[in-house]
Amino acid sequence: MGSGAAVSGGLRVTADPATGVAVVTLDRPDRLNAIDLATARELGDCWRGLRFDDSVRAVVLTGAGERAFCTGIDRDTRVPQPASPYMVDDPLLGIGPKANDLWKPVIAAVRGMACGGAFYLLGESDFVVADTTAAFFDPHTSYGMVSAYESVLMAHRMPYGEAARMALMGTAERISARRAYEIGLVSELTEPGGAVAAAVRCAEVIASYPPEGVQGTVRALWAAQEGARATAFAQAPQLIALGNLPPERQAELFAARRAGGHRVR
Numbered sequence: 060m061g062s063g064a065a066v067s068g069g070l071r072v073t074a075d076p077a078t079g080v081a082v083v084t085l086d087r088p089d090r091l092n093a094i095d096l097a098t099a100r101e102l103g104d105c106w107r108g109l110r111f112d113d114s115v116r117a118v119v120l121t122g123a124g125e126r127a128f129c130t131g132i133d134r135d136t137r138v139p140q141p142a143s144p145y146m147v148d149d150p151l152l153g154i155g156p157k158a159n160d161l162w163k164p165v166i167a168a169v170r171g172m173a174c175g176g177a178f179y180l181l182g183e184s185d186f187v188v189a190d191t192t193a194a195f196f197d198p199h200t201s202y203g204m205v206s207a208y209e210s211v212l213m214a215h216r217m218p219y220g221e222a223a224r225m226a227l228m229g230t231a232e233r234i235s236a237r238r239a240y241e242i243g244l245v246s247e248l249t250e251p252g253g254a255v256a257a258a259v260r261c262a263e264v265i266a267s268y269p270p271e272g273v274q275g276t277v278r279a280l281w282a283a284q285e286g287a288r289a290t291a292f293a294q295a296p297q298l299i300a301l302g303n304l305p306p307e308r309q310a311e312l313f314a315a316r317r318a319g320g321h322r323v324r
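Counted the way our numbering counts, the sequence shown spans residues 60 to 324.
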């Protein structure tokens, strides 16, 4: 991209004033772009900053490297939890653009794995472009955890049966880029390495339109699902508190995982 680059610990933002497009890149490829607490804060700051930058009219969100778009929360992150089942602290709830009141269009460009907490970002993107290396899965149940917020967001982006199968099958299955395209989770497929360029092309078109109409349309589209999402989110803390295994048991299951033991469909 052109000028206007900004880099923080786990995030890289590059803006092109000529086109009005910014590219936000999760920049932790050595950790498969997993999100630690610092990166979670950086994402929130990024979206809130873009609210006030009128030179940016559309955004592309992607991950650095070839292996992963994002693999959710970093496994080394420790988040202390209240004892009450009615209160769960989830640092990923604030990482998406809509959670930060940004109504500029955001297009996700996916290469490699997108799993677990990545769905907070995909669920708040307006549409998804992926290359043929992309694979989507939700590991929660395999490790004794409830897939709550992730499942709610994905149930609004794909047919219910597909969202349910992905959440319940855990690490045993991955949804291929082709299958994701067939069920509507992905709107465009590209050759390997081509997702960002394809997403930028879409973003440039959208950024060329009057922003008031574009942002109003983004807000209207989100409003169509906002009520059901908020109702489901309200139940998530109790479900997580009651259904999750203790962290040490989750860690045991994670450590015992075997590489390559999944089916791609």
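By construction, the Cβ of each residue, glycine as well, lies at the ideal position given by its N, Cα and C atoms.
Three-state class that DSSP yields for residue i in the structure shown
{"i": "Ala-300", "result": "helix"}
{"i": "Thr-84", "result": "strand"}
{"i": "Phe-186", "result": "strand"}
{"i": "Phe-12", "result": "Residue 12 lies beyond the stretch modelled for the chain, which goes from 60 to 324, so this question has no answer here."}
{"i": "Asp-149", "result": "coil"}
{"i": "Arg-322", "result": "strand"}
{"i": "Phe-111", "result": "coil"}
{"i": "Leu-120", "result": "strand"}
{"i": "Ile-166", "result": "strand"}
{"i": "Thr-200", "result": "helix"}
{"i": "Gln-140", "result": "coil"}
{"i": "Asp-104", "result": "helix"}
{"i": "Thr-78", "result": "coil"}
{"i": "Ala-291", "result": "helix"}
{"i": "Gly-220", "result": "helix"}
{"i": "Leu-312", "result": "helix"}
{"i": "Arg-325", "result": "Because the chain is modelled from 60 through 324, residue 325 falls outside the range shown and cannot be assessed."}
{"i": "Val-205", "result": "coil"}
{"i": "Arg-278", "result": "helix"}
{"i": "Tyr-268", "result": "coil"}
{"i": "Pro-305", "result": "coil"}
{"i": "Leu-350", "result": "The chain is shown from 60 up to 324; residue 350 falls before or after that span and cannot be answered."}
{"i": "Leu-181", "result": "helix"}
Cβ shell of residue i (< 6 Å), same chain only, five flanking positions each side left out
{"i": "Met-213", "result": "Phe-178 and Ala-222"}
{"i": "Val-188", "result": "Ala-168, Glu-247, Ala-254, Ala-257 and Ala-258"}
{"i": "Gly-302", "result": "Val-205"}
{"i": "Asp-95", "result": "Asp-133 and Thr-136"}
{"i": "Ala-295", "result": "Ala-207 and Tyr-208"}
Spatial neighbours of residue i in its chain, beta-carbon cut-off 7 Å, leaving aside the 5 residues before and after
{"i": "Ala-300", "result": "Pro-144 and Val-147"}
{"i": "Ser-67", "result": "Glu-101"}
{"i": "Phe-292", "result": "Tyr-208 and Val-211"}
{"i": "Val-138", "result": "Asp-148 and Pro-150"}
{"i": "Arg-107", "result": "Asn-159"}
{"i": "Thr-78", "result": "Glu-263 and Ala-266"}
{"i": "Ser-235", "result": "Ala-194, Val-323 and Arg-324"}
{"i": "Glu-307", "result": "none"}
Residue nearest to residue i in terms of C-alpha spacing, selected from the options
{"i": "Glu-241", "options": "Arg-233, Met-217, Met-228 and Thr-230", "result": "Met-217"}
{"i": "Arg-134", "options": "Asp-75, Leu-244, Leu-227 and Arg-90", "result": "Arg-90"}
{"i": "Ser-184", "options": "Asp-197, Pro-164 and Thr-200", "result": "Pro-164"}
{"i": "Leu-181", "options": "Ala-194, Pro-198, Glu-307 and Gly-155", "result": "Gly-155"}
{"i": "Leu-298", "options": "Ala-93, His-199 and Leu-109", "result": "His-199"}
{"i": "Tyr-268", "options": "Ala-279, Ala-295, Ala-226 and Val-115", "result": "Val-115"}
{"i": "Gly-124", "options": "Asn-92, Asp-113, Ala-117 and Arg-316", "result": "Asn-92"}
{"i": "Phe-196", "options": "Gly-131, Leu-312 and Glu-250", "result": "Gly-131"}
{"i": "Gly-175", "options": "Ala-142, Leu-109, Leu-227 and Pro-141", "result": "Leu-227"}
{"i": "His-215", "options": "Val-277, Thr-191, Met-172 and Arg-288", "result": "Arg-288"}
{"i": "Val-245", "options": "Ala-283, Glu-285 and Asp-190", "result": "Asp-190"}
{"i": "Arg-110", "options": "Ala-239, Arg-238 and Glu-271", "result": "Glu-271"}
{"i": "Gln-140", "options": "Gly-275, Ala-117 and Pro-305", "result": "Pro-305"}
{"i": "Val-273", "options": "Pro-88, Ala-117, Pro-76 and Asp-75", "result": "Ala-117"}
{"i": "Arg-237", "options": "Gly-220, Phe-313 and Thr-192", "result": "Thr-192"}
{"i": "Asp-112", "options": "Ala-315, Thr-249 and Pro-76", "result": "Pro-76"}
Same chain, Cβ closer than 8 Å to residue i, neighbours up to 5 away in sequence not counted
{"i": "Leu-70", "result": "Val-83, Thr-84, Leu-85, Asp-86, Thr-98, Glu-101, Leu-102 and Cys-105"}
{"i": "Leu-280", "result": "Asp-185"}
{"i": "Thr-121", "result": "Val-82, Val-83, Thr-84, Leu-85, Phe-128, Ala-167, Ala-168, Val-169, Arg-170, Ala-254, Val-255 and Ala-258"}
{"i": "Gln-309", "result": "Tyr-202, Gly-203, Met-204 and Asn-303"}
{"i": "Val-277", "result": "Trp-162, Lys-163, Pro-164 and Asp-185"}
{"i": "Arg-224", "result": "Glu-232"}
Beta-bridge partners of residue i, as assigned by DSSP
{"i": "Val-72", "result": "Ala-65 and Val-83"}
{"i": "Arg-233", "result": "Val-323"}
{"i": "Cys-129", "result": "Ala-173"}
{"i": "Leu-248", "result": "Ala-189"}
{"i": "Ile-94", "result": "Ile-132"}
The ligand FAD heavy atom lying under 8 Å from the CB of residue i
{"i": "Leu-102", "result": "This structure lacks the ligand FAD, and indeed carries no ligand of any kind."}
Contact between the region 246–256 and the region 161–175 (3+ Cβ pairs under 8 Å)
yes
For the 8 Å Cβ check, are there 3 or more pairs between the region 188–206 and the region 156–165?
no
Does the region 309–324 touch the region 225–236, meaning 3 or more C-beta pairs lie closer than 8 Å?
yes
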